[in-house]
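Residue numbers (this note's numbering): -5 to 289.
So the structure is just underneath, and the comments pick up after that.
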Amino acid sequence: MTGKHYVEDFRIPPGSRVRVSDFDPEFKGKHSKKRALVKTARLCEKMSKLQQMLFAEQKRSLLVCLQALDAGGKDGVVKHVIGAMNPDGCRVSNFKEPTQEELAHDFLWRIEAQMPKRGEIAIFNRSHYEDVLVVRVHDLVPKAVWSQRYAQINDFERRHAANGTLILKFFLHISKDEQLKRFEQRLDDPAKRWKISESDYTEREYWDDYERAYDDALAKCNSELAPWFVIPANHKWFRDLAVSEVIVTTLESMNLQVPKLSVDIEEIRRKYHSAVDEEKHTKNGRKRRARPVRG
Ligand code: AMP
Ligand code: MG
């Protein structure tokens, strides 16, 4: 770990096997919380400027997929990191249990509809990966169906990459202890109570099954243009720092180009100056008219 370039530290090299349980969710590098918050704020400023360039370029787009076990911090990343961007040009989609309409279609149907347009950044709070995670853990469809989805996801992501969408996938990794602490906060803090769901505790019993499902998803669907990152997420401030650094570094590596002007800037400048002159004349005219007439 360099502790400097989280893009490299937390990225799963394509083609490698993964055991998420081998990663330390407590990791926080050399940063103090105070310094990390300052650094994250700076990164968020940069992110906002780069987002503007992506929007101006109107050629490519970015998709950020957030995955985690319950209380893993997806909402926190949306609020603290994504919240720094201009909402015009940035869209968050939540994927919950599919509706009857969604279930009547292929699993990627609802995902396709939320993919980012050129110039846009889309954030998925849960994603198509639920269809090889919760669906697999609870046998919601037969194995013969979910096991084909890794290849279908790869085809889908490849097609969007070829169309100019860069895809970043984050697994926010917390420990079982930390999850319980966060559930306790949800119980104790009235402002957080709305997040409590009965399924939180039942899903917790499937922790190991989820880890195995994540191991497979991360290993089988991990390409250069749609890489996975395992983010240590027990410390919320470190999680935000790592995610924002990965997003900023990725946007920087896209070498975004603001398009050349398609208007004649000298002509526009002439129009501007004549508008200024006209405004001065009208103002002077108004002043003269406003002077009281002497009798
Ligand atoms: P939350 O993100 O806490 O609001 O919960 C959303 C719930 O929807 C989670 O329990 C997910 O596992 C569930 N969910 C999301 N996508 C799917 C899917 N494709 N199939 C079944 N359940 C899903
Ligand atoms: Mg939940």
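C-beta: ideal position from N, C-alpha, C; glycine also.
{"query": "So within the region 158 to 212, which uninterrupted alpha helix (DSSP H) runs reach at least 4 residues, ignoring any that extend past its ends?", "result": "170 to 182 and 192 to 198"}
{"query": "Going by other Cβ atoms of all chains shown within 10 Å of its Cβ, with 16 needed for buried, is His373 buried or exposed?", "result": "Past the boundaries of the shown model lies residue 373; the chain is included only from -5 to 289, so the question cannot be answered."}
{"query": "Is it right to say Glu252 is buried, meaning 16 or more other beta carbons lie within 10 angstroms of its own, or is it exposed?", "result": "The question names Glu, yet the displayed sequence has Val at residue 252. The residue is exposed, with fewer than 16 neighbouring Cβ atoms inside 10 Å."}
{"query": "Can you list, in chain order, the residues of its chain whose CB lies under 8 Å from that of Thr(-4), leaving out five sequence neighbours each side?", "result": "Bear in mind that a pLDDT of 43 at Thr(-4), under 50, signals an unreliable position, so the number given afterwards is only what the model happens to contain. Answer for Thr(-4): Glu2 and Asp3, listed in chain order."}
{"query": "Exposed or buried, which one is Ile161 when buried takes at least 16 other CB atoms within 10 Å?", "result": "buried"}
{"query": "Looking at the secondary structure, which residues open and close the alpha helix (DSSP H) in which Leu37 lies?", "result": "Lys27 to Glu51"}
{"query": "What do you get for Ala269, buried or exposed, if any count of 16 or more other CB atoms within 10 angstroms of its CB means buried?", "result": "exposed"}
{"query": "Got a sec, what are the start and stop residues for the alpha helix (DSSP H) Phe150 sits in?", "result": "Arg143 to Ala156"}
{"query": "Cβ of Leu235 within 9 Å of Cβ of Ala30?", "result": "yes"}
{"query": "Just the Cα atoms here: how many angstroms apart are Phe177 and Asn148?", "result": "34 Å"}
{"query": "Runs of 3 residues minimum, wholly inside the region 39 to 117: which ones carry the beta strand (DSSP E) assignment?", "result": "55 to 62 and 84 to 88"}
{"query": "So for Arg130, helix, strand or coil by DSSP?", "result": "helix"}
{"query": "Comparing alpha-carbon positions, which option in Ala78, Val12 and Gln46 lies nearest Val237?", "result": "Ala78"}
{"query": "Under 8 Å: do the region 179 to 191 and the region 199 to 208 share three or more Cβ pairs, one atom per stretch?", "result": "no"}
{"query": "When we look at the beta-carbon of His74 and count the other beta-carbons within 10 Å, is it buried (16 or more) or exposed?", "result": "buried"}
{"query": "So what does DSSP say about Ser268, is it helix, strand or coil?", "result": "helix"}
{"query": "Thinking C-alpha only, which one of Ile6, Ser10, Ser15 and Arg11 is nearest Gly168?", "result": "A small fix is needed here, since residue 168 is Ile in this sequence, not Gly. For Ile168, the nearest C-alpha among the options comes from Ser15."}
{"query": "When we look at the beta-carbon of Val139 and count the other beta-carbons within 10 Å, is it buried (16 or more) or exposed?", "result": "exposed"}
{"query": "Closest to Asp100 by C-alpha separation, out of Ile76, Asp125 and Pro81, would be which residue?", "result": "Asp125"}
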